[in-house]
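This note's numbering puts the first residue of the sequence shown at 861, with every later residue one more than the last. Where is the CB? At the ideal position from N, CA and C, for every residue including glycine. Only a predicted model underlies this, so the values are computations on that prediction, with no experimental measurement involved. Before any comments, here is the structure.
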Amino acid sequence: MIRVLVAEDHTIVREGIKQLIGLARDLQVVGEASNGEQLLETLRHVACEVVLLDISMPGVNGLEAIPRIRALASPPAILV
Numbered sequence: 861m862i863r864v865l866v867a868e869d870h871t872i873v874r875e876g877i878k879q880l881i882g883l884a885r886d887l888q889v890v891g892e893a894s895n896g897e898q899l900l901e902t903l904r905h906v907a908c909e910v911v912l913l914d915i916s917m918p919g920v921n922g923l924e925a926i927p928r929i930r931a932l933a934s935p936p937a938i939l940v
């Protein structure tokens, strides 16, 4: 099972992505974030293999979050 964290500030888009991921047998949404700060905090507490990352989010945007995600001890793959 591949654990996915969805980072998207638009609720309707985030919910749609989560529904699509839910259709795949080998994918599981283990967390979500609506801004960059929430994403980084969630990654401190939730293990995942993949982050689906929106570039344009309030606060810490996706581009600013990428180096901080890569600096984690076991960084997940990042899909923008």
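Spell out the partners DSSP gives residue i in its beta bridges.
i: V866; result: E892 and L912
i: I938; result: V911
i: L887; result: I862
Just to confirm my understanding: we take residue i, look at its own chain, exclude 5 residues before and 5 after, and list those with CB closer than 7 Å. What are they?
i: V807; result: Only positions 861 to 940 of the chain appear in this structure, which leaves residue 807 out of reach.
Round the Cβ separation of residue i and residue j to the nearest angstrom and send it over; I've been treating them as touching at under 8 Å.
i: P935; j: V910; result: The Cβ separation is near 11 Å, so there is no contact.
i: G882; j: L865; result: Contact doesn't hold; Cβ gap of about 14 Å is too wide.
Mind checking residue i: buried by the 16 CB within 10 Å criterion, or exposed?
i: V873; result: exposed
i: M917; result: buried
From the DSSP output, in three-state form, read off residue i for me.
i: G919; result: coil
i: V873; result: helix
i: A925; result: helix
i: L899; result: helix
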